[in-house]
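FYI, in our numbering the residues of the sequence shown are 3 to 121.
Just below is one structure, and these are the notes that go with it.
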Amino acid sequence: MKHAPRTPSQSSVWNLSALALRWPQVSIFFITVIAIAGAMSYFKLGQREDPDFTFRAMVIRSIWPGASAEQTDQQVTDRIEKKLQEIPYFKHTRSYSRAGESLIVLELLDTAPAAEVPQ
3 MKHAPRTPSQ
13 SSVWNLSALA
23 LRWPQVSIFF
33 ITVIAIAGAM
43 SYFKLGQRED
53 PDFTFRAMVI
63 RSIWPGASAE
73 QTDQQVTDRI
83 EKKLQEIPYF
93 KHTRSYSRAG
103 ESLIVLELLD
113 TAPAAEVPQ
């Protein structure tokens, strides 16, 4: 069964490739307008060498030479963690204790204002 060839009225009118080949001046015009608009937008962007941002995570490291891991955990890490839980915008802590050393990672809530977060 043979199909009749498509007439221009049956083919897609919005074929961009065919339109670009049929009217190259229009295509070049639109490409130029888009390129100029892109260049203007690029130069209007706000640019700072060092943008402001706030770290909402902090690391507290304490050293107690000669103490066992259990002593460090009970007498240093636990006490620091309890005090940290009292600060506003507290989210959670993670702590690591080993012989003579304690490491605590404090995270604040994302809603903590930058002015109230210590730097």
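Ideal placement from N, C-alpha and C gives every residue a C-beta, glycine not left out.
Item                                                                                                         : Value
Sequence-distant residues of the same chain with beta carbon closer than 6 Å to E109, five excluded per side : A59, K93, H94
8 Å Cβ cutoff met for Y91 and A114                                                                           : yes
Helix, strand or coil at Y44 according to DSSP, with G and I counted as helix                                : helix
Length of the line joining the Cα atoms of E51 and Q73                                                       : 46 Å
Per DSSP, the bridge partner or partners of A59                                                              : E109
C-alpha gap between G40 and G48, whole angstroms                                                             : 15 Å
8 Å Cβ cutoff met for I106 and E83                                                                           : yes
Burial state of V78 (16 or more Cβ within 10 Å)                                                              : buried
Test item: CB-CB of E103 and I65 under 8 Å                                                                   : yes
Assumed close pair S1, A37 - CB separation to whole angstroms, cut-off 8 Å                                   : Missing from the structure shown is residue 1; the chain here goes from 3 to 121 and no further.
Counted within 10 angstroms of its Cβ, other Cβ atoms place A69 as buried (16 or more) or exposed            : buried
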